[in-house]
Structure formats: C-alpha cells, structure tokens
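Those sequence lines, one after another, are chains C and L.
Mapping to the working numbering: the first sequence position 107 is 107, numbers consecutive.
One gets the working numbering by counting positions in the second sequence from 1 and adding 1000 to each.
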Amino acid sequence: MNRMARETVSPRPRPASRAGLIGTPFEARLRALSTAEDWMDWAGCLSPRALGAVETEYFAIRNQSTLFDVSPMRKYRVTGPDAARVMDRLVTRDVSRLAPGRVAYVLWCDEDGMVIDDGTLFRLGADDFRLCCQERQLAWLNDIAWGFDATIADETDDVAALALQGPTSHAVLEAAGLGLPALRPFGMAEPEPGLTVSRTGFTGDLGYELWVRPEGALALWDRLWAAGVDLGLRAIGYAAVDIARIEAGFIAAGAEFQPIHRALRPSRGRTPFELGLGHLVDLAKPHFNGRRALVRHAKDGPRRSLVMLDIEGTKPAAGAMIYRRGRHEVGHATSAVWAPTAKRNIAFAEIEARAALSAGLRAEIYTLKEGRWERTMTRATVTDRGVFRPPRARATPPGRF
Amino acid sequence: MAFDSARNLSAVVIGAGLNGLTAAATLAGRGARVTVVEKGEGPGGLMTGAGTGELGQFVWNLHPDALSEFGVSPADLGLGPALPTVALSPDGRHVVIEGGAARFADGAAHPDAAAYRALRWRVARFAAVLAPLVRMAPPRLGVGLMNRAGLPELLGLARLGLDIRRLARDDRREFLRVILSNAADLVLDAMPDGPLAASLAFDAVLGSRTGPRAPGTVLTLIYRHLQGGERYRPEGGMAVLAGRLARAAEARGAAIRYGAEAAGLVVEGDRVRGLRLASGEVIGAGLVLSSLGALPTLRLAGATHFDAEACRRIRQVRAEGTAGRLDLCLSAMPRLEGLPATLHRARLLLAPSVAALEAAFDPVKYGAVPGAPAAEILIEPEGAGARLSAIVQHLPRAPDGGWTTEAREGVIGSVVAALAVHAPGLPDLVREARLTTPAEIEAATGAPGGHWHHAEFAADQLLTLRPVNGMARYATGLPGLWLCGAAAHPGGDVTGLPGRNAALAALGAGVRA
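Set out below in structure tokens:
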C-alpha cells in the first residue's frame, strides 16, 4: 500500500532537494523521528510526506492517535471594530452566527463567485478572528478590509500548530493534563495560558488542533509525546493525512479545485456549488465578495459537479477519465485512494453536472503492471461524500477507546 | 423605447454639472421623476466651480445627442460661432487657426498650412471611426456577445470593424499604427516644431497628467476631435451656460436642489432605495446616478456594497489633476502685438513648441512647478477693464513645499511674463491675480484629484476600461447605482455624453426590471 499511497493520491510537488525549505518550530523532533527521509515542500516549509511507513501512519490515525505538524498553514489575525464585518465580507457563510470560542469551515470567492481558498475561521473574540488556510491571503485580506476599521496581521510564523488526531487523541490530552471533555466539535478552549486547543481537523475522526507560540512548541510536543506513550501516539506525514481526508470527504486546494488566484486559465475556477459546498453559501446575508455572481450561479446551476465516486474493484483511479455510457467523456478523478478503513475504492471526480445524476459512469483506469500498462473500464457510482465518518468523531464527551 | 416608458421610475442624480444635468434631462424627458442634488450653490460643476464663478472657459465636443435631450439648440445656449485659435509665437508671427485652416496673423500664408490641413483631415477621418462608440455604452467584450441580449453589442463591434474597414487601406494601416503612439511624433512627422504643431499637441494633453510624448496621446487627440475640435465661448460665460442648461433640464421636469449634499445611499436587499442627504433627509428613488468620480461614488455608497476587486480597481484609477486656472483682473484690455484687435478675444495658446510643452510637463512628474507653463488663455472685457483667464496646463498637484504664496506668485509671474513678451503693458494692468490649483478645484467641485476628466484620459482608462474594467457600462454592480459623470465612458471634456448614455442604460435596465 505504500506505493499506492505515494503515487495514487492527489499529486503534490516533490522538492528536488530540501535546500531552501524552512524548518518549522517542530523541525528538531521531526528530523529525529524521520526514518523514511521523505520530505515535501509545504508553503516553503520542510514538511514530512511520511516519517516512516505510510500504512502505519494511516492506521495510527484510525486506531490510535497521531501528531502532524500543521505549522506551515497560513494564519491571519483580523482584529478591530469592523473585524466581524470584514470576515462577513470575505466568506460565504454568515459570520454573525459564529459565536466567540467557535470555529467554522469557510470558503471565500472572487467577484465571479470562483473559490479563492477554503479554511477554518476561529472567532477568538467579538472583534478578534484567526483565519487558517493553505494559500497566501495577506494581499487579498487587505483588499477585502479596505474601507473598514480592521487590522490584518500575518501570524503564520508566530503560531506553531499541531494536529492531534485519532480515537485516542482526547486520552492523550487528558494524560498530558489538558483534558477537555466538554469541548464540542468546532469548539475551542484555552486549557492553559498561551495554549489554544480546538476540536478541529482534517481526518474526519476525533481530533484536536493545538496552537502555541513557537517558543513553546517543542515543550508541547514533548509533553504530548510523553503522554502518548501508552496510547499509541505516532508522528506522521501528509501522505497518511491525504488518505484520511479523502476517506472523510474533505476537499484539498490544488486537487479538487484550483484556487482562482493561482489559476492562469479563468475557466478553471469553480463555484462553491460546483464543489458540492452550496450549503456553505448564505445568499440571504448582506453583500459579500462574489455574492451577486453566486446568485447568478445558483440560478443557472452548476456547470460541473465534484462528486465522490465508488469505483468497482481495487485499482486506485487517480487521474482516471470518467465516461458516461462508455463513450462520452464527462470528467476526471481529482484524488483517488483505496479507503483502507471503509474498504472501498473511492475517488473525488469532477464531472459534467448533468452526468452526476446519471447511472452508467465508467472510470478508465491505467495500471502499470511490470512494464506493461493495462487499461480497465470500471463501473463508478456516485456516492455520499465521506465514506468514513465514525460517530466517535462527534461524541461529547469523547470516548477513551 | 416609448417616450414615457419610465413614468413609474424615480431617480436621483448626484451633481448638477453638465453630465448630471444631461442625465437628469434624459431621464425626465422620458417620464421619470428626477431630483438633482447639488452640493454647490449653483449648476455647472467643473464649468463653474459648482456655481462659484467660472473654472472652464470653453465648450468643445458638446454632443448634439446630449443637446437634444435638453431640447435646445446651440443657439439657445448662446454658443455662437466657433472661436479662432491663436497660437502665440515668441517671434511675434502668431498663427491663426480658423475653420481648420492655419495662417499667420498678418494674413500671410503659413508654410505648414497644407500639412496642418492634411493632418486635421486625417485626425477627423480617424475620429469618424470612433464616433459611433461614444454614443453608446462601450461594447461588452467576451461573454454574452453571441446571444440575443448581446446582439446590440455585437452590432456595435461590427460597426467599429466596418468603419475601420471603410477607411482606405493606407489609412487603415496608419490608424492602427498611430492609435497608441504619441501625439508629438504624429504632429512632428507632418510639420516642423513650432506654435502650430504645439496647438495640436496641446489638444492631446489638455487636462491630463501627460506630455505630448506620452504613448496613447494620439488616441486622446483623436477623441478630442470627435466633434471637429472647435471651441465655443458661451455668451455671458460658463455660468450663464450652466444656468441655461439647468433651466432646460427643469423644463424637462427635473427638480434641482442646490446646497444639498449627498451623504449616503439607502440600500435594502442589495438594491438602491434612495439617497440620504447630509441634512439627514432621505430621497426615495430606485435609481441613483452619480456624476461624482468613481472613488467618491464608492465612498458614498460604502465599500461594503462592492466586491474587493472593484474597490481595488477604483482605488487605482489614475486621477491626478495637473491643470489649474489663473484669473487676472485687468484695469484695461491689453494690446497684443502682432495681433489684430478682432483676434484679441480668440482662444490664445501659450505653447511655443511641442518641445516646450513636453518640457513644461516634465517638472510636474517631480513635484516641481514648471518655469514656463503652457496655457490656454481667454481675454474678455469686463466693466471698464478686462478679465484674463488661463488654464495653466501643467501644475503639480502638491509641489514640494506646498502651494505657498511664493509658489503661486511664481506661476502667476511666469504666465504674465510669457504674455508680456507679446503684450508689454500687461504687468502694469494687473490689479488682482488668483490661481486656483488642482487641489482647490477638487475642494470646490469634488473632482477626484482636481482632475478635469475625473480620471486620466489615457488608453488604459478609456472605452471598456473607463473608469475601470467591469463598470464601463455605467452600472456599478450595486443594482440601482449608476455612474454618469466624466469618469464614465466616453468621459471628459464638455460632451454631456456620459450623462446621456448612463441615463439610457439605467432606463433600459429599469424598464426591463
């Protein structure tokens, strides 16, 4: 499965060398733990694709608990009297319904209603927000905030972040003296001064994200590491997270959609509706960026649809062309994986909107078998997104497992 | 469109300048209930400094389509015959340009008269290609051209294509060669440098923050000559003209309120419902047409109603006025040597050469006051004495050290000294001198940066890009709010077309809605 995981899930640029990549505050621990020496470039930071075997790391997410360094995420702090208005102007959801101490998954669009990026929005206070995302957004946030009384600060380098994910993750927190039994999904708390814990993540399982000043990063790591000894805690790289997120039905920028500010071809932009995230668009709230275009898109209907496909067999369908009635090409798979826990062969695929409703889809899968390519046309069925979403992920208080 | 198709529409027009009044007349003439709100005490906008006196001095390019919306003729407005232009020459052999022909003031033939006539003719032919484009919203490019709604746009584009094709092959090649090049090269290819050449270069840069060597100034020159390029001096001055236009708009049914400052929009459900005045009063209206610049309109409405991209584009509109006005109160009509008395009231150009014009622009780039500014001058008798007004073409908006008394006197002194070469008695006649800087023009009229055209007249801010990409068809994005001022297509000068075109666009959308 290692080869599968490395080569069949969504493509990520592999750096020619590690030269020039910036270490995160956790670099020392990551280097010490790395046996695979499989690194990648994440927003200019040195980030592990895998520290050991991807299978072990993936199953640790689903059966134990894992630490993944998410410090390279871009983090922006928005404060000031108009901060809430600015965030409402930015994102498609209604920020007025986001209470302080809560987190929301949000999208934001350009004037044509095309998705710029997605991320998590933390409401730290009435006039205090933190936005976490993949793409650099400082210039865009400043454009959005022009004319409003709000301050935007890039605090990417001021906040180190760890994702602690897996069924025993709360047990690890408890063992570290940081137990938060009452914390609900998308909630956040400050168990100790200078440490914020949110019940969020990218794996679809029980999990937390921990936010700390870089000076406290290694101490936090060591504390969790010691607490996790008997709970199967393992440090992991992105490859395992990528499998988990496809299984959980979470989209990734650059794979399921092309952030419009990076796309050279304007036609590559996608609306939230086309990504299947229309429920995150509140057209009833006052004007926000792209609203008028989104009203039109909502009326006209999507051009293409991002769907989850259940693909017959076990051959991973990465990059597969999707056909309707065997002949008409209707789209392609954007990320695909054999979902080890759900035990299903799944793929995110972007297909023509009409085709999403039709039966009789086929995925054209090419497999290299000892020097020879084999082509198979395999039946594909549109299925619900998120083939693995266990109830334990949402249980409050979380179980001990 | 039926004449009274807009009977149930109510509209507010912000600003009683030419474009605001034209928009109001256009709307009212079609049955809409129109209120014009004007912050100043009188009509006229940049023509009159919002009713405080006079800022502009000539009418040119006033479009018959705009006039017909007022239901008046040029004679009703007291426009009279076109003014001759006198390009003053340092050697005393002034050049008179009248009816497209050039001669010396003493009646002798000008050696470049034939070349000048040919160039004017060429510019006029090129202007004819662009002429249909100014009478309508600029064509929508890209999406939607091939459907039914896009048909008028497609026809408009086709017409431009046809008009270009109708040019003779050599003309066509020449049109495409020069359209984005600079006026200095165009003019100096045709004739040697001197006052006559400078007169055309002057037209190309009037009111703009450019010198004649700036790329794209050929396009602005051609634009300026859409209506033949002649100047008219309204009888009684610009204030009288503004008053006549205001009365004509009122006769069409528009109500004009002076001293009424727009303070904000009333927006409900992403649609304009009215205008709030500084007094707190709200005027309910489904349409608000703003003849303010793009940025003041954005600020009035609030950035919250616009997408960030639109705000960014509007913020980046170049509008830095570099033309000021000089008023001299004279104890008697000055005598200009080498110029018959009949030509003393002509449009006088103080721009001895294209090179001098470029040199006068150069210091402005560095925040310095030019030592020998170029100017367009008008001298008229007033009471027992006379009044001399000059549009000084190139002044820095904010000179290093600010507009001190010394800096002002420097400008006044250099214009008077340059004129004194031709009118030796002039300095002794000056009783009072007043310089109105671009910043003061902005304060008086609200024109962004004190710019005469609300947005620099340049190839990247014309046609589908005026004032910004995405707003060239007068709609701002916020339903019910329209741009109808000089910043909108076709923009600038005294055409009245932005107001008329915007009103028609707003009516078209309103009637469909």
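From the three backbone atoms N, C-alpha and C, an ideal C-beta is built for every residue, glycine too.
Just so you know, these numbers come straight off a predicted model, no measurement behind them.
First through last residue of the beta strand (DSSP E) which encompasses residue i
{"i": "PRO1381 (chain L)", "result": "1375–1382"}
{"i": "SER1208 (chain L)", "result": "Where SER1208 (chain L) is concerned, there is no enclosing beta strand (DSSP E), given that its DSSP letter is neither H nor E."}
{"i": "TYR105 (chain C)", "result": "103–109"}
{"i": "GLU958 (chain L)", "result": "Nothing about residue 958 (chain L) can be read from this structure; chain L reaches only from 1001 to 1513."}
{"i": "MET47 (chain C)", "result": "Reading off the sequence, residue 47 (chain C) comes out as Ser, not Met. From DSSP, the beta strand (DSSP E) with SER47 (chain C) extends over 45–50."}
{"i": "TYR76 (chain C)", "result": "74–79"}
{"i": "SER34 (chain C)", "result": "Note, SER34 (chain C): premise wrong, no beta strand (DSSP E); not H, not E."}
{"i": "ALA1087 (chain L)", "result": "1085–1087"}
{"i": "ILE152 (chain C)", "result": "151–154"}
{"i": "MET1333 (chain L)", "result": "Note, MET1333 (chain L): premise wrong, no beta strand (DSSP E); not H, not E."}
Listed by chain order, chain L residues near residue i by CB distance under 7 Å
{"i": "HIS287 (chain C)", "result": "ASP1270, THR1304 and HIS1305"}
{"i": "GLU111 (chain C)", "result": "ASP1307, GLU1309 and ALA1310"}
{"i": "ARG292 (chain C)", "result": "GLY1477"}
{"i": "ARG89 (chain C)", "result": "THR1304"}
Run of the alpha helix (DSSP H) containing residue i, from where it starts to where it stops
{"i": "LYS299 (chain C)", "result": "291–300"}
{"i": "SER169 (chain C)", "result": "169–175"}
{"i": "LYS343 (chain C)", "result": "Careful: LYS343 (chain C) lies outside any alpha helix (DSSP H) and carries neither H nor E."}
{"i": "ILE1314 (chain L)", "result": "1308–1315"}
{"i": "ASP41 (chain C)", "result": "Per DSSP, ASP41 (chain C) belongs to no alpha helix (DSSP H); it is in the beta strand (DSSP E), 38–42."}
{"i": "GLY1470 (chain L)", "result": "Counting along the chain, GLY1470 (chain L) falls outside any alpha helix (DSSP H), and DSSP gives it neither H nor E."}
{"i": "TRP221 (chain C)", "result": "217–227"}
{"i": "PHE1126 (chain L)", "result": "1113–1134"}
{"i": "LYS1365 (chain L)", "result": "1354–1365"}
{"i": "TRP373 (chain C)", "result": "Where TRP373 (chain C) is concerned, there is no enclosing alpha helix (DSSP H), although the beta strand (DSSP E) it sits in stretches over 372–383."}
{"i": "PHE122 (chain C)", "result": "Element bounds for PHE122 (chain C): not the alpha helix (DSSP H) but the beta strand (DSSP E), 115–125."}
Sequence-distant residues of its chain with Cβ nearer than 6 Å to residue i (five each side left out)
{"i": "LEU1378 (chain L)", "result": "GLN1057 and SER1389"}
{"i": "ALA1002 (chain L)", "result": "Because ALA1002 (chain L) sits at a pLDDT of 40, beneath the cut-off of 50, its placement in the model cannot be relied upon, and the point is left open."}
{"i": "PRO181 (chain C)", "result": "PRO397"}
{"i": "LEU195 (chain C)", "result": "VAL212"}
{"i": "VAL1392 (chain L)", "result": "GLY1324, LEU1326, PRO1373 and ALA1375"}
{"i": "THR1026 (chain L)", "result": "GLU1069, ARG1500 and ALA1503"}
{"i": "LEU233 (chain C)", "result": "SER65 and VAL172"}
{"i": "LEU1219 (chain L)", "result": "ILE1179 and ALA1459"}
{"i": "ALA145 (chain C)", "result": "VAL86 and ILE152"}
{"i": "ARG62 (chain C)", "result": "THR341"}
Own chain partners of residue i with C-beta closer than 7 Å, once the 5 adjacent residues on each side are dropped
{"i": "LEU21 (chain C)", "result": "PRO15, ASP41, GLY44, CYS45 and LEU46"}
{"i": "ARG389 (chain C)", "result": "GLY204 and ALA248"}
{"i": "GLY1449 (chain L)", "result": "ALA1319, GLU1320, GLY1321, ARG1397, PRO1438 and GLU1442"}
{"i": "ALA1101 (chain L)", "result": "ALA1113 and ARG1117"}
{"i": "PRO1215 (chain L)", "result": "LEU1180, SER1181 and ASN1182"}
{"i": "ARG379 (chain C)", "result": "GLU312 and ARG362"}
{"i": "ALA1486 (chain L)", "result": "ASN1019, HIS1453, HIS1454, GLY1492 and PRO1498"}
Contact test: residue i Cβ vs the ligand PLP heavy atom, cutoff 7 Å
{"i": "GLY1017 (chain L)", "result": "Of the ligands one can find in the structure shown there are none, so the ligand PLP has no counterpart to examine."}
8 Å Cβ shell around residue i - same chain, five flanking residues per side excluded
{"i": "ILE1222 (chain L)", "result": "VAL1123, PHE1126, ALA1127, LEU1130 and ILE1179"}
{"i": "VAL1411 (chain L)", "result": "GLY1324, LEU1326, VAL1369, PRO1373, VAL1392, LEU1395 and LEU1435"}
{"i": "PRO1192 (chain L)", "result": "ASP1112"}
{"i": "GLY1255 (chain L)", "result": "The identity of residue 1255 (chain L) in the sequence shown is Ala, whereas the question assumes Gly. Excluding positions up to five away in sequence, the list reads VAL1034, THR1035 and VAL1036."}
Listed from N- to C-terminal order along the chain, which residues in the segment 1294–1318 of chain L have their beta-carbon within a distance smaller than 9 Å of any beta-carbon of chain C? LEU1298, ARG1299, GLY1302, ALA1303, THR1304, HIS1305, PHE1306, ASP1307, ALA1308, GLU1309, ALA1310, CYS1311, ARG1312 and ARG1315
Determine, using beta-carbon pairs with one atom in the segment 1062–1078 of chain L and one in the segment 1290–1298 of chain L, whether at least three such pairs fall under 8 Å. no
Decide yes or no for the touch test of the segment 1356–1366 of chain L against the segment 1325–1339 of chain L: beta carbon pairs closer than 8 Å, at least 3 of them. no
Any residues in the segment 141–152 of chain C with a beta carbon nearer than 8 Å to a beta carbon of chain L? Which ones, in chain order? ASP143, ILE144, TRP146, GLY147 and PHE148
Residues of the segment 74–101 of chain C whose Cβ lies closer than 8 Å to any Cβ of chain L, in chain order: ARG85 and ARG89
Below 8 Å, how does it come out for the segment 1084–1096 of chain L and the segment 1251–1267 of chain L: are there three or more Cβ pairs, yes or no? no
Can at least three beta-carbon pairs, one atom from the segment 1301–1315 of chain L and one from the segment 1019–1039 of chain L, be found at a separation below 8 Å? no
Should the segment 1266–1278 of chain L be regarded as contacting the segment 1471–1479 of chain L, the criterion being three or more beta carbon pairs within less than 8 Å? yes
Do the segment 1013–1021 of chain L and the segment 332–352 of chain C meet, that is, are 3 or more Cβ pairs less than 8 Å apart? no
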